[in-house]
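Sequential numbering from 97 applies to the sequence shown in this note's numbering.
Cβ atoms here follow ideal geometry from the backbone N, Cα and C, with glycine treated the same way.
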Amino acid sequence: METQFPWKGTVNITVQTSTPLTLAIRIPSWAAKSFTSSTRGDVFDGYLHLEIKSSTTLTLELPMAPRVVYAHPALRKDEVAIMRGPLVYCAESVDNEVDLERIYVHTSHVDEIKEIEIAGIQNVPLLQVKGKARNGAGFGESSEALYGDKRPGWEEGEREVLLVPYFLRMNRGGLGGMRVWLKELCG
């Protein structure tokens, strides 16, 4: 097997055999609807089943576009997370100069903006989503009050919220602020 997974979605598998065989390749649920294979087969029980007659090399293409995921309603988690392939991404304070608890994001566009190095790992895709930050303006009698009679206001303009793979967090300094689950801006 040759691959740059989880950074790239191409997986080349070379099978050397002199007798026919059935090869079952696990297809993750996040890729089940949009993967491709250079060899025709049937998908069932979460596996791509291929009939191999002789030595061959086949190629799988797994989708790596960023996507928004939601928690099951029973979890009462009314927020979103961003994934790319099998990796969960997070916002870190080192990239986002704002209290991450005040961030709300638009989920209509999640962009892969560049590749960076983190903890000695080259070509790590950095993701970006547009968002806004709440502030205390218009909150009530004082922006320092714990409770108010008006909804908190928004900082001026939108901001770019940068995201890195969760497993690589806390490798570039910062104060340790991090969020996987982000509040969603509707509308």
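Going by other Cβ atoms of all chains shown within 10 Å of its Cβ, with 16 needed for buried, is Met-97 buried or exposed?
exposed
As a quick exercise: from Ser-125, Ser-134, Pro-169, Lys-129, pick the residue whose alpha carbon is nearest that of Pro-284.
Because the chain is modelled from 97 through 283, residue 284 falls outside the range shown and cannot be assessed.
Just to confirm my understanding: we take Lys-149, look at its own chain, exclude 5 residues before and 5 after, and list those with CB closer than 6 angstroms. What are they?
Pro-116
By Cβ distance below 6 angstroms, which residues in the same chain neighbour Asp-138 in space, the five residues on each side in sequence not counted?
His-145
So, with DSSP's three-state summary, where would you put Phe-140?
strand
Determine, using beta carbons only, whether Ala-187 and Val-257 come nearer to each other than 8 angstroms.
yes
Thinking C-alpha only, which one of Arg-230, Leu-278, Pro-159, Phe-140 is nearest Arg-247?
Arg-230
On the three-pair Cβ rule with 8 angstroms, is the segment 196–207 touching the segment 152–159?
Contact between the segment 196–207 and the segment 152–159 is absent, because fewer than three Cβ pairs lie under 8 angstroms.
Sequence-distant residues of its chain with Cβ nearer than 6 angstroms to Leu-196 (five each side left out):
Ala-187, Gly-273, Arg-275
Are Leu-223 and Leu-259 touching if we call contact CB-CB under 8 angstroms?
yes
Hey, how far is the Cα of Arg-268 from the Cα of Val-220?
13 angstroms
Which whole-angstrom value describes the C-beta separation of Val-164 and Val-176, a residue pair presumed to lie in contact below a C-beta threshold of 8 angstroms?
5 angstroms
Count the other CB atoms within 10 Å of the CB of Gly-227; is the residue buried (16 or more) or exposed (fewer)?
The residue in question, Gly-227, is buried, as its Cβ has 16 or more Cβ neighbours within 10 Å.
Hey, quick one: how far does the beta strand (DSSP E) through Thr-106 stretch, first residue to last?
Thr-106 -> beta strand (DSSP E) spans 106–111.
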